[in-house]
Structure formats: C-alpha cells, structure tokens
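First up is the structure itself, then whatever we jot down about it.
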Amino acid sequence: MAIDLDVDVTRGAFALRIATRLAEPSTGITGPSGSGKTTLLHLIAGLVRPTRGRIAIDGDVLDDTARRIHVPPHRRRIGLVFQHGRLLPHLTVEEPARYGERLLAAGARRIAFRDVVDLLDIAPLVARRIAGLSGGERQRVALGRALLASPRLLLLDEPLASLDQRLKEQVLPGLERVFRELRMPFLYVSHDVAETRALTGDVVAIEHGAMVARSDAPPAPSAG
Amino acid sequence: MSGWLSAEEVDVLLLSLRVALASIAVLAIPGIAMGWLLARRDFFGKSLVDALVHLPLVLPPVVIGYLLLTVFGRRGLVGARLEEWFGLGIAFTWKGAALAAAVMAFPLMVRAVRLAIELTDREIEDAARTLGAGPLRVLLTVTLPLAAPGVLAGMVLAFARSLGEFGATFMLAGNIEGETRTMPVAIYSYIQQHDGDAPLHRLVLISIAVSVVALMGSEWLSRRLARRLAA
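In the order they appear, the protein sequences are chains A and B.
Just so we're aligned, residue 14 is where the first sequence starts under the numbering used here, counting upward by one.
Just so we're aligned, residue 692 is where the second sequence starts under the numbering used here, counting upward by one.
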C-alpha cells in the first residue's frame with residue numbers, strides 16, 4: 014500500500030499543505046487539535062476536495078485537480094471510523110454493521126460477518142439497539158461496520174479519544190488483532206503519541222496544516 | 692355525523708379533505724427535493740431559487756391564483772396543452788383547487804424539510820458515503836429517516852394550510868358546489884346568505900377542530916419519531 018499525497022486545502026483561515034508518500038501498511042498521524050489531522054483523513058476518504066493537488070493509492074488516482082478528477086467517497090473503498098461512531102441511531106446493531114457489506118459487489122467481499130463479530134467480540138451486541146450501547150461498544154460496532162465494507166484502506170480518526178482508560182484497554186487489543194489477522198492497511202489519527210506508536214509502523218506529526226516530523230522524531234510539545 | 696351536519700356540509704368536508712390530501716401528494720416529493728437542495732447543496736442562483744420558493748408566503752394569495760390561472764387556465768400556456776393532449780382540465784375543477792393549495796403550502800413544506808435536514812448530523816451521512824452509499828441511497832437510508840420528524844411536521848403543516856386555502860383556490864378553481872367549494876369557500880358563501888348562520892358556525896368549528904387535531908397529531912408523531920432517533 015502506497016498513498017501518494019501532494020495536496021493543498023484552504024478553508025477560510027485554515028490551510029493544509031501535505032506532500033509525502035505513506036508506504037507502511039500502518040501509519041500514525043499525530044498532532045494537536047486543529048492541526049489538520051481530520052482534514053487529511055477526509056481528503057483521503059474523498060469527503061473534502063483538495064483546492065489543488067493529487068491523491069493516489071497504489072497508482073490509482075483518486076483526486077487530481079489538474080485533470081479534474083475527483084472519485085466520490087462511495088467509489089473509493091476507503092473506510093473511515095469517526096471519533097463518535099456515527100451509527101444510525103434508529104436501528105439494531107446488525108443493520109448498520111452490515112450497511113456497507115450489503116452495498117458490495119458479490120466478488121468484493123473479503124471479510125465475513127462472523128469473523129468480524131468474533132474478532133471484535135460483539136456477538137452479545139448484535140441484536141441490541143444502537144441507542145442502548147456504551148461508548149466502547151459503539152466504537153467496536155463502528156469499526157466492525159467499516160471492516161465489513163471490505164475497504165482497501167481503513168482510516169481511524171481518534172477512535173479511542175472519547176473512551177476512558179478502561180474502555181480503551183477493552184478496544185485496543187481488538188484493534189491490534191483485527192489489523193494483524195485481516196492484514197488491513199490503515200491510517201491511525203490520534204493526539205496520543207505513545208498509543209499511535211504502539212499501533213503503527215510509521216508516525217507522521219503535523220501541526221498548523223503541515224508535516225513537522227516523521228517516525229522516530231516525535232513532535233515537541235507545542236506551547237499553545 | 693350526518694345527523695348533525697347536512698349532506699351538503701358533509702360533502703364540503705369530504706371535498707376539503709380530498710383537496711388537501713391531493714395537495715400533499717402533489718407537493719411531497721418536490722418539497723422534500725427542494726428542501727434537501729437548499730439544505731445540502733450550493734449552486735449558482737440559489738438565493739433566487741430560495742426567493743421564488745418563498746413567494747407564495749409573501750404575495751397576496753389572489754395574485755398567486757391569478758398567475759396560476761394565466762398558466763393553467765383553458766387558454767394558459769400549460770393548461771391549454773394539458774386539455775389538448777390529456778383532456779385534463781385544471782381551472783375550475785377540484786384538481787385546480789388542489790394545485791392552488793399545493794402551491795400555497797409549498798414554502799411551508801420546504802422550510803420544514805430544509806430545517807430538519809440542516810439539523811441532521813452530517814457525519815452520519817459521511818459515514819454512509821465511505822461505506823459505499825451513493826447520494827440517492829444516503830438520502831433515502833440516512834438523511835430522510837433522520838429528518839423524518841421534521842418532514843412529517845412539514846407535511847401536516849402543509850395539509851392544514853391546504854385545508855384553509857382560500858384566495859388562490861377561489862381564483863383558479865372558483866366556487867362550484869361539490870367540485871371546488873372547500874370549507875373556506877363554503878364559509879365565504881354562507882356568510883353571504885341570510886339563513887347561513889347555523890351551517891357557517893358548524894363549518895367554522897369543524898375547521899378549528901380538524902386543524903387542532905392535525906397539529907396535535909403531528910406533534911405526537913414527531914415526538915415519537917424523535918424518541919426513536921434519540922441516541
């Protein structure tokens with residue numbers, strides 16, 4: 014998996030400029046809030062259009078402003094797990110969990126529902142309603158839902174940020190097991206550098222919309 | 692009911708309900724589409740479209756009725772074609788009454804849908820998009836179910852507005868007993884008769900009752916839906 018990025022985004026006063034290649038199967042992205050981490054993930058997912066530039070995964074061009082190419086999110090096969098799950102609240106767990114799976118072409122399904130349920134340990138939740146789930150349970154369901162869409166790349170936007178330490182410890186082993194067993198390439202965004210380094214093979218630090226450090230040089234704590 | 696109301700008044704009530712339901716049927720899909728468009732899309736001329744949608748709220752209803760008559764009348768641009776090609780008469784028929792009511796209620800429906808969609812969580816839509824759902828599927832499986840309480844409230848408001856429509860209806864559809872004499876038109880007719888006081892008062896009471904029941908029903912349904920959506 015190689016993600017080639019050379020993009021600018023300007024939104025009011027905020028500007029993001031990233032030009033790099035992410036080649037590890039797992040990459041962490043850290044930085045303070047407002048640094049552009051989420052915008053970067055949304056760019057790769059196709060939810061935000063670059064003002065200028067090009068995004069390609071393994072040579073497959075997803076955005077190229079010079080050639081007026083913008084592949085819409087639903088055709089990218091890139092999963093995104095949000096900070097707060099973002100599950101449809103009026104359904105039981107199984108329906109939103111299989112939302113993406115049902116939209117797949119027959120040959121494109123690489124991950125079975127049962128395997129995801131086992132890996133994430135969500136069997137007891139399947140028949141329950143979303144509204145009754147705890148934060149940790151929701152995050153596991155959100156992760157399962159993204160996996161079931163069989164993405165070629167999974168983006169995780171602070172998936173553990175809203176959880177307390179006990180819940181983190183409940184979800185983290187599941188995450189590690191999933192990525193190991195499914196060999197799913199992923200980008201992991203978090204402001205927690207230690208957690209990110211434990212999970213990923215390469216760490217990129219961004220601040221004020223620009224890359225400031227990579228891998229072995231964790232970012233210096235900023236004053237603001 | 693027929694013991695209390697005369698056959699004529701029952702006809703007026705049933706016709707009004709038919710016209711209001713037809714009005715909702717005509718405006719539901721365009722109203723949802725326009726509400727979504729104004730809530731979720733930016734396009735050239737959006738403020739002009741927004742202004743045109745709201746025109747029936749600010750123009751005198753008789754002006755809207757007159758404009759509809761020039762377009763849908765027997766010699767109107769559209770009306771003449773409909774008559775010629777499909778044998779479909781609009782002016783001075785109950786269909787005209789429904790059309791006039793739909794046009795007048797349209798902005799209320801659009802405003803309710805727009806507000807409901809603007810209040811839904813965009814991240815849930817974004818999540819669906821990354822799961823492979825195209826724009827139409829996102830609208831049908833995420834946006835509309837989440838906005839359902841507001842959409843429903845808009846439809847009830849439009850229904851109540853349609854029941855009460857007078858000015859545009861009178862211009863386009865006239866006052867034909869059993870065809871276009873809806874409750875407000877009938878009330879207007881009774882007021883001009885010397886012996887019309889008793890039926891007048893009954894129709895006024897029914898108007899109030901139907902509207903109150905519709906508004907309370909929509910409030911109840913909205914709250915039920917909102918509870919179901921509460922995460």
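Each residue gets a CB set at the ideal place from its N, CA and C atoms; glycine is no exception.
If you're wondering where the values come from, they're calculated on a predicted model, not measured in any experiment.
- request: Could you tell me which chain B residues have their CB closer than 7 Å to the CB of A/His83, listed as they occur along the chain?
  value: Near A/His83 there are no residues of chain B at all, since even the closest Cβ is about 13 Å away, more than 7 Å.
query: For A/Tyr112, which residues in chain B fall below 8 Å Cβ to Cβ?
result: Ala819, Leu822, Ala824, Thr832
- prompt: What number of angstroms, rounded off, separates the C-alpha of A/Ile143 from the C-alpha of B/Thr834?
  reply: 17 Å
query: Using the rule of at least 16 other Cβ atoms within 10 Å of the residue's Cβ for burial, across every protein chain shown, is B/Arg802 buried or exposed?
result: buried
message: Only counting the same chain, and skipping five residues up and downstream in sequence, which positions put a Cβ closer than 7 Å to that of B/Pro751?
response: Gly858
field: Span separating the alpha-carbon of A/Leu117 from that of A/Ser163
entry: 8 Å
query: In its own chain, which residues sit with a C-beta less than 7 Å from the C-beta of B/Glu775, not counting the 5 before and 5 after it?
result: none
- request: Verify the CB distance criterion: does A/Leu117 have a CB-CB separation below 8 Å to chain E?
  value: Included in the structure are the protein chains A and B, with no chain E among them.
message: I'd like to know whether the C-beta of A/Arg24 is nearer than 8 Å to at least one C-beta of chain B.
response: no
- prompt: Closest Cβ-Cβ distance between A/Ala207 and chain B: below 8 Å?
  reply: no
Positions along the segment 66-93 of chain A whose CB lies within less than 9 Å of some CB in chain B: Pro85, Pro86, His87, Arg88, Arg89, Arg90, Ile91, Gly92, Leu93
- prompt: Since B/Leu706 and B/Leu863 are thought to touch, with beta carbons under 8 Å apart, how far apart are those beta carbons, to the nearest angstrom?
  reply: B/Leu706 to B/Leu863, Cβ: 15 Å. No contact.
message: Please give the ranges of any alpha helix (DSSP H) in the segment 179-225 of chain A, keeping only runs that are unbroken, at least 4 residues long and fully inside the region.
response: 206-212
task: With DSSP collapsed to three states, give me the class of B/Gly722.
output: helix
task: Would you tell me roughly how many angstroms separate the C-alpha atoms of A/Arg196 and A/Ile124, rounded to the nearest one?
output: 11 Å
message: Does the CB of B/Glu775 have a neighbour CB from chain A at under 8 Å?
response: no
task: Ignore the nearest five residues each way along the sequence and tell me which others in B/His885's own chain have a CB closer than 8 Å to its CB.
output: none
message: By the 8 Å beta-carbon criterion, what residues does the segment 790-817 of chain B contribute toward chain A?
response: Asp812, Glu814, Ile815, Asp817
query: Once you ignore the five residues that flank A/Ala36 on each side, which residues in its own chain have a CB closer than 6 Å to its CB?
result: Ala15
- prompt: How long is the line joining the alpha carbons of A/Asp170 and A/Arg141, rounded to whole angstroms?
  reply: 25 Å
Within chain B, partners of A/Ala58 - CB distance below 7 Å: Thr821
query: Skipping 5 residues on each side, what residues in its chain have a beta carbon closer than 6 Å to that of B/Ala711?
result: Phe850, Ser853, Leu854
task: Determine the direct distance from the alpha carbon of B/Pro836 to that of B/Pro875, and round the result to whole angstroms.
output: 35 Å
- prompt: Taking 8 Å as the CB-CB limit, is A/Ala162 close to chain B?
  reply: yes
- request: State yes or no: is the beta carbon of B/Leu843 nearer than 8 Å to at least one beta carbon in chain A?
  value: no
- prompt: Which residues share a DSSP beta bridge with A/Ala69?
  reply: A/Asp17, A/Val74
- request: Starting from A/Ile124, follow the beta strand (DSSP E) in both directions and report where the run begins and ends.
  value: Careful: A/Ile124 lies outside any beta strand (DSSP E) and carries neither H nor E.
- request: Could you run through the segment 21-45 of chain A and flag, in chain order, every residue whose CB is less than 8 Å away from some CB of chain B?
  value: none
task: Would you tell me roughly how many angstroms separate the C-alpha atoms of A/Phe95 and B/Val717, rounded to the nearest one?
output: 39 Å
task: With DSSP collapsed to three states, give me the class of B/Gly767.
output: coil
query: Would DSSP call A/Arg39 helix, strand or coil?
result: Note that residue 39 of chain A corresponds to Ser in the displayed sequence, not to Arg. In the structure shown, A/Ser39 sits in a strand (DSSP, three-state: E or B).
message: Which same chain residues end up closer than 7 Å to B/Arg820 when comparing Cβ atoms and leaving out the 5 residues on each side of it in sequence?
response: Val829
- prompt: Which term fits A/Ile70, buried or exposed, when burial requires 16 or more other beta carbons within 10 angstroms of its beta carbon?
  reply: buried
query: Name the chain B residues whose beta carbon is nearer than 7 Å to that of A/Phe95?
result: Glu814, Ala818
message: Using DSSP's beta-bridge definition, name the partner residues of A/Thr23.
response: A/Ala28
query: How would you write the range of the beta strand (DSSP E) that A/Gly92 sits in, first residue to last?
result: 91-94
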